[in-house]
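Written out below as structure tokens is the structure these notes cover.
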Amino acid sequence: AQSVAQPEDQVNVAEGNPLTVKCTYSVSGNPYLFWYVQYPNRGLQFLLKYITGDNLVKGSYGFEAEFNKSQTSFHLKKPSALVSDSALYFCAVRDAGDFNKFYFGSGTKLNVKP
Amino acid sequence: NAGVTQTPKFRVLKTGQSMTLLCAQDMNHEYMYWYRQDPGMGLRLIHYSVGEGTTAKGEVPDGYNVSRLKKQNFLLGLESAAPSQTSVYFCASRSDSRQPQHFGDGTRLSIL
């Protein structure tokens, strides 16, 4: 069965410091992985995806993610956090058998303090 | 440049009532999805559609029905609402199986 785990409910970081939001996955076959961000009372917005190729994926708003097959991880990173990055972040994996099924993590709330 | 539009944005129902949530997209996307979001659980797929006239069950389909009579619209129905269906419902669409989904802003549904 496919699944995603986000081990941290909340991450606190000071503005200007690097941030990491963790995600581990379980999937049969090659993983298709995604990161989304959700601001209050809004839908999810796509940040980046990993399908194949380079293990470091660059996305929107200066975010990047590192795919690690041996650790089955896909951690979201940003070199220098902004207060405006404060939001809820979701990791997702696409089902290996049914390309229309996605499994989302429970979300990590990122708080960036001035 | 509307993207994915969900109506209504908020609704309060009594147990046993029925209602329909509407999702409309103006991007000519083939694939459309309905999710529910509950605290601490992320998003769970209810039903989806891979094209006009098609529907399929997701992870949590019980108590819901859907229809896709027009390519741009995907309707989610609750025939007899239950308190367990209190949630935030999100619609999403995408152009093909390799692309990310575009989400609407959600419908907040409370069932008393």
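Residue numbers (the numbering used here), protein chains in the order written: chain A, 1 to 114; chain B, 1001 to 1112.
For each residue, glycine too, the CB sits at the ideal point set by N, CA and C.
{"Item": "Pick from B/1013, B/1012, B/1015, B/1034 that is closest to residue 1104 of chain B, judged by C-alpha positions", "Value": "B/1034"}
{"Item": "Beta-carbon gap between residue 1100 of chain B and residue 46 of chain A smaller than 7 angstroms", "Value": "yes"}
{"Item": "Cβ-based burial, residue 50 of chain A [other Cβ within 10 Å; buried from 16]", "Value": "buried"}
{"Item": "Status (buried if at least 16 other CB within 10 Å, exposed otherwise) for residue 39 of chain A", "Value": "exposed"}
{"Item": "For residue 1068 of chain B and residue 1032 of chain B, believed in contact at Cβ under 8 angstroms, the rounded distance", "Value": "7 angstroms"}
{"Item": "Residues near residue 1086 of chain B by beta carbon distance below 7 angstroms, same chain, minus five either side", "Value": "1109, 1110, 1111"}
{"Item": "For residue 1050 of chain B, the three-state DSSP class (helix, strand or coil)", "Value": "coil"}
{"Item": "Interface flag, residue 1100 of chain B vs chain A, CB-CB below 7 angstroms", "Value": "yes"}
{"Item": "Any C-beta of chain B under 7 angstroms from that of residue 88 of chain A", "Value": "no"}
{"Item": "Best match in A/61, A/30, A/35 for proximity to residue 69 of chain A [C-alpha to C-alpha]", "Value": "A/30"}
{"Item": "Length of the line joining the Cα atoms of residue 4 of chain A and residue 114 of chain A", "Value": "31 angstroms"}
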